[in-house]
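Residue numbers (this note's numbering), protein chains in the order written: chain A, 2 to 877; chain B, 1457 to 2464. Glycine included, each C-beta is placed from N, C-alpha and C at the ideal position. Take a look at the structure set out below.
In structure tokens, the structure reads:
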């Protein structure tokens, strides 16, 4: 016999259930109480029942249904489905998947990921006892009928395959299940507590039990019956369910807050919790935070500065460094496998973790990597990488894994790796142990599958298994749960944050194969029904709470509060408060306050600094920096800070300039002069040699092609050089370093070339620049001169050789390939004074280091981040 | 307000600025809901997410006010005709109560089916479609949507890949080499230069379908390059020849300069040479008095002819190349995106277009509706002028269906679109103002047109001024600018308003003083800073204004369209993260010195301060080894009091949110930065709006907003009337997929293309650019409610920018009306609630959050866990004196664990089961009532008890164990059993005996 009851308006669900069960809890009776969640079981366990067994719905199913065969683990479903798909013909595959792309079936993981909707179709088909004919009738669309037929055929093939391997699928029994009579008869009465929807399978299940023993089904809902309840009543042949009143909401039991940010929502909840605890003496464990979505969870983990929140779902395993490490390793493996090398930056990324870097072996690897980058390397090849002892010790097996192998074998590689890593990641050894178990699980689940799968795929399989793990968090007082877990539970105070349209009601995906119209025709729950059910759960939990506090953040104007909130505001005439605290107390202690005026940066010179500057050796580039921005000079030459090396990813003007400079120098060192016959050939040879020291060149055909343009110009450079030599210039030195004292200041410079002709000295500076960008100094308008290099050279020559150069040339090695006068020596004296003044200014204690007025200098300045001139104007 | 809501006619509503477009749209949807249309039958498309949110809010508000009987008179008036008709249809008497009654039903319906109400942006609608049809489009359903930034990186990669590939082809390699020589591009700019052209084609591939098919192939391009090289030589030779003709003459200095410049290989330089540039040689500047010979005339003409050929050929080469490479890049990008399963919003729109509207599309409408889960009967589109042609084409089938009259199940459908062609400022994104009227023409039998003419926003002088200027523009350009033929009426309650147009001095920075002066004038007249908005054309020159106004103590707030990633809070917090993880001084200084600064200037005068402070910060977190970077940041926000530093700047909290969302648990700094950047990249930086400050924003950003006072100080910069920003453009042939790709000719060389098709296209394009600019001006002017200030430049020659163009119509300075604030109802400011509560608990950060294991013992292996679960499951079934239960247990274990547990273990368990069954101590339990696997609990903790039995005088409890057993373990287990016993004792009020049943040894041990 089956009776239906519902939780009366004024009763709390579990109390009511306990109330009706209590009289039956006597020695003579054998009652079984079945509730939806483990949380409910736990809660009821403390009610002290003596003879009543309390089970969760899922464990009850496990015991009450008898299976004649081994159940197929659900993880293996996609594997067998894929096998089944392979037995379909091309047209059939296309009809179902609308895709004849072979990658789709070739890649197991992506196949598995994308067949969820097919499995949910099957599950519903069998659980709801829907026949293929019903479906075909419900839609007039012929392609649909065809699809459904193929899907059914596919299921048959799938069953055939798993039966062959001695498995059965749980869903097979949905239409035709076998009750474990011995078990069912061991109780004389069953009480079911039901919250949501019941499928035909579940209904039949309950009904069949009802033919054997007494069954009482208690429904819990808020407000009026759902349309599904009518169905259930019809099915059980009763009509005892009644509409209930909705909870009465007013500003006394509901508060709604619009918050300025997500973090302020947590501030609100924390403060409110303390306020309520103090004023109304409600203990924290009578409060709960109900989240619409697990994505909100981290706030309660991270901002729990008063140790209030009990996040039962735990933290994510993907937040451990072991997980990150594995993920990065797989990326590197992928590179090594396809290209036999990997960008050095990947190795640096692998270890960019302050904890790992504290390990000497690792920090050494990273500094080696940085050195390689400094030497223009971009990639590291597999052998070199695996020769690093640390890598060899820990990662060799993984990085050298074959392309394909059984999942089991892959799992073993990971197991070994994880076991070894426990030694270095001592701080995470417990997490690693958990990971090892997850890997074992994968290996056990797939142990009978002997197919070789790509190492990458099975790696991702393992990673996703690891990712699904959670890390336990300390037990605290205010429960933080999802909505489903609140079913039948009671709290005095409910906080429901993050109530935006985006998150609540949670959007259930629309089905690909059974759309709303067909659902309506077949009386199946639609997505709207499911959404409304979630709303109903909310009403259920609000129903008995003394106070519910809703909040949402308006940080982005495009985010709206949930229509659920809208509805209760509108229907109950509620007021919305605005919460935008000036300061978030969670992350604030009253230590000190900022009273700093945001004026331009201006640095006064201390005596130390002035002394330092007096003894400093000034190069032309230092002076140029000073000229462009004195603050930059301060950063660069006094604080000595500089951006770290970045890898050379493409060959730009600067690099070509450096290479050609070096070619000249190398040939000079080798004693090969432009007079020599082989100068031209050697020049080209040297260029080729030098350019090959750049990985950016070696690894890119495009860079190589561009380099041919440059290579083609070498002829002209050399010709210009030869012509120049033939004009009687005789080289004294190249890359000549001269230091000298000038007005008590130390100055120095590297002179590209010093020549002599007719007893006169000539200096040349190579410029790899567009001709129009090479600025020659031809007047004494100091402000317009960005580069005073040549003047410094003149001073240095005068000091070193006691004679002024006759002329200082620029030699353009990018285009035109000409020598031309770069500095009018007539202006020498004026510039000498200018430089003297500049140097005096630098050591002048009364002149601060300040940001430049010439804003265009800031565009490409590497310090612009520091002084806030990086974003243009709208940054403020 | 005039109602556009008579019935659900198909209607094109042209609504000029301020005429209540959004109101009409919201009312239309609300009206439908009131008259019984189901939410799922409606699809309302808006342009931005924000508009979507506002639309939903308005609809709910309106329907609720009807249900509560609190709607305004004008709203009732608006809805009445429709409701009357509805009453008639239902054959009931119309009354106010009728409206209320229907509104209550509609309200309930709306809330129950809210998710079915489709109010979306076109992007998200297309996204929905692609999510439903991923396979059809060739994507996997779990595709990710990437930001444009991300795609740019991939584009670069793809392009390099293409170049690397074509370099293997001899002809292509030759082409690239010749290109380098012809176009004289710097080597390291060569690839970016090519990529620029290529990308343009890729981005416009939908329009260029046919052109693409007819594009010259590589051989043809190679030939063209040969030809152009030949032409170049010819021109050079001719120039030398031309120069020879001057040899006998004594030329003046200027003449000589011009003459010498002919001796160059660079064609572009020759093109600009005064001797060649002029159509008639005798007009050449500095050669006015020169007596040219016929020979010279002839040579110059020959050169010019060749120049024309040269430039036309150059254009063809560029477009041919762009089409070829563009196609390749498109394919390559498609391949990469497919492989990585990523798309951008524009890809989505494109894919949906191909899927639904392309000639070869295989998807029929029924199938579409089936999958879309319902049929849309009513289609409404907002801001239609900004709808791109491809977007329209994907909506077209829906619109046609909606207009078709009787639809599925005899429901009547409708199509409605509203917008203002004059406000189309998104041509660069494919918006087309002409579409608005084209549709009217295409569906003239089905669509009605209406125009909203009353401006509810601006004072009458402003309305008239805009009318006049618009009509002048219309008159001088005729049909090309027919949309500007307007006659808006001002709404009397908005008063007269004030317009002041002045002509700027010809000084670069004049607009700075101008703006300051006008702001001061407004303040003097009684306006507050908050009333004033200064609209600029681009972000760039808002900057000068901000600095200048701030220097002059005028408070400014900036409404940027900048990303959260470029706000200072982001920079500073990221720098802090990098610093604490890597110790990088650079990052430290960025943290310390960026605005708002942490320290005074004097702080960094001493290097030791820096070192000390760096160490101080590192010390704070030195014990947080197993904390995530975000946890450390949170801790530092507290200890370094960064909140005070950012003093309630909403960006600060937004950055914290982004860090939390993107990387709250990340410990690897590289990945942290990457993830945080990604999380913040699609967020906009906000600005505090509560301050009493002048708003500075771009015209683009101002769309849809309104301000009491609008100042437009600086029209002349950027708003150029000629194509200059791009190298290529698509000729607007209106017919989709059938446009030409054209090369932009700089103004200098227009003379060489005169009379050609290229010139015609160029002129067309320039007209469209002009229209764009004027639309922009229109948007800017119509933001003003009470006062409009505009600064334009005197017109001299042919206008080259918008300011000059406008000054054709406004020759004198003009002032209308009186500058005086109009008293308007003040919107009450929201006040934040304060919660004052004393918290006695101690605060602690990030230190204790590391996980701890509830069960301290080392977790077993997976196999061991399985073994235990299986054994327990079997024992749970076992009943003494019932042999059958052994078989049942075995069967149960096989079904549930057979797939995973090894055969050996399974056999072992079966053996154990038998051992237990035969154990006498165990059998004894069954003399009482036995409970198995029971949950008992206390204080919210739950234990599972393996088996116990209630006898008359006592309870016997047994815990199953396998594996190693020694005294230590026995003690551990006993402790646990003692807890169970305590609970059971309380429940049954009987003594409890506890035993450990070591199954392996078949030993039952009594515990204390």
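{"Check": "CB contact below 8 Å: residue 634(A) versus chain B", "Outcome": "no"}
{"Check": "Every unbroken alpha helix (DSSP H) within the segment 222 to 264 of chain A, with a cutoff of 4 residues, ordered by chain", "Outcome": "228 to 237"}
{"Check": "Residues that residue 1500(B) bridges to, as DSSP identifies them", "Outcome": "1575(B) and 1836(B)"}
{"Check": "Contacting residues, own chain, Cβ-Cβ under 8 Å from residue 2040(B) (five flanking each side not counted)", "Outcome": "2034"}
{"Check": "Beta-carbon neighbours of residue 2062(B), restricted to chain A and to distances below 7 Å", "Outcome": "607"}
{"Check": "Beta carbon proximity, residue 224(A) to chain B, threshold 8 Å", "Outcome": "no"}
{"Check": "Exposure of residue 113(A), with buried meaning 16 or more beta-carbon neighbours within 10 Å", "Outcome": "buried"}
{"Check": "Unbroken alpha helix (DSSP H) run spanning residue 92(A), endpoints", "Outcome": "91 to 98"}
{"Check": "Members of the segment 1501 to 1525 of chain B near chain A, C-beta cut-off 8 Å", "Outcome": "1504, 1505, 1506, 1508, 1509, 1512, 1513, 1516 and 1520"}
{"Check": "Entirely enclosed beta strand (DSSP E) segments - the segment 526 to 586 of chain A, minimum 3 residues", "Outcome": "548 to 554 and 577 to 580"}
{"Check": "Secondary structure of residue 2424(B), DSSP reduced to three states", "Outcome": "helix"}
{"Check": "Residue span of the alpha helix (DSSP H) that contains residue 1537(B), given as start and end", "Outcome": "1529 to 1546"}
{"Check": "Contacts around residue 309(A), its chain only, beta-carbon distance under 7 Å, and the 5 residues preceding and following it disregarded", "Outcome": "271, 274, 285, 477, 478 and 479"}
{"Check": "Nearest residue (CA-CA) to residue 1583(B), options 2066(B), 1803(B) and 1763(B)", "Outcome": "1803(B)"}
{"Check": "Rounded separation between residue 679(A) and residue 669(A) - CA only", "Outcome": "13 Å"}
{"Check": "Beta-carbon spacing of residue 17(A), residue 3(A) below 8 Å", "Outcome": "no"}
{"Check": "Local conformation of residue 1830(B) per DSSP, three classes", "Outcome": "coil"}
{"Check": "Contact set between the segment 44 to 65 of chain A and chain B, restricted to residues whose Cβ is under 9 Å from the partner", "Outcome": "44, 45, 46, 47, 48, 49, 50, 51, 52, 54, 55, 56, 60, 63 and 64"}
{"Check": "Cβ-based burial, residue 1608(B) [other Cβ within 10 Å; buried from 16]", "Outcome": "exposed"}
{"Check": "Inter-residue CB distance, residue 1775(B) and residue 2184(B) (contact presumed, cutoff 8 Å)", "Outcome": "7 Å"}
{"Check": "Cα-Cα separation, residue 442(A) to residue 2348(B)", "Outcome": "21 Å"}
{"Check": "Spatially closest choice to residue 225(A) from 247(A), 239(A), 219(A) and 241(A), by CA coordinates", "Outcome": "247(A)"}
{"Check": "Below-8 Å beta-carbon distance, residue 306(A) vs any chain B residue", "Outcome": "yes"}
{"Check": "Backbone CA spacing between residue 2188(B) and residue 1932(B) [nearest angstrom]", "Outcome": "22 Å"}
{"Check": "Contact set for residue 1863(B): own chain, Cβ-Cβ below 6 Å, skip 5 residues either direction", "Outcome": "With a pLDDT of 49 at residue 1863(B), under the threshold of 50, the predicted position of this residue should be treated as unreliable, though the coordinate-derived value follows. 1833 and 1869, listed in sequence order."}
{"Check": "Contact with chain B by residue 868(A), beta-carbon distance below 8 Å", "Outcome": "yes"}
{"Check": "Runs of beta strand (DSSP E) lying entirely within the segment 2118 to 2155 of chain B, each at least 3 residues, in chain order", "Outcome": "2150 to 2154"}
{"Check": "Within the segment 699 to 744 of chain A, ranges of the beta strand (DSSP E) (whole runs, at least 3 residues)", "Outcome": "731 to 743"}
{"Check": "Run of the beta strand (DSSP E) containing residue 1871(B), from where it starts to where it stops", "Outcome": "1870 to 1875"}
{"Check": "Buried versus exposed, by CB contacts within 10 Å (16 or more), residue 1756(B)", "Outcome": "buried"}
{"Check": "Cβ contact (3+ pairs, closer than 8 Å) linking the segment 247 to 265 of chain A and the segment 54 to 66 of chain A", "Outcome": "no"}
{"Check": "Where the beta strand (DSSP E) containing residue 2240(B) begins and where it ends", "Outcome": "2240 to 2248"}
{"Check": "Spatial neighbours of residue 1603(B) in its chain, beta-carbon cut-off 7 Å, leaving aside the 5 residues before and after", "Outcome": "2137 and 2138"}
{"Check": "Residue-chain proximity (residue 832(A), chain B), Cβ-Cβ < 8 Å", "Outcome": "no"}
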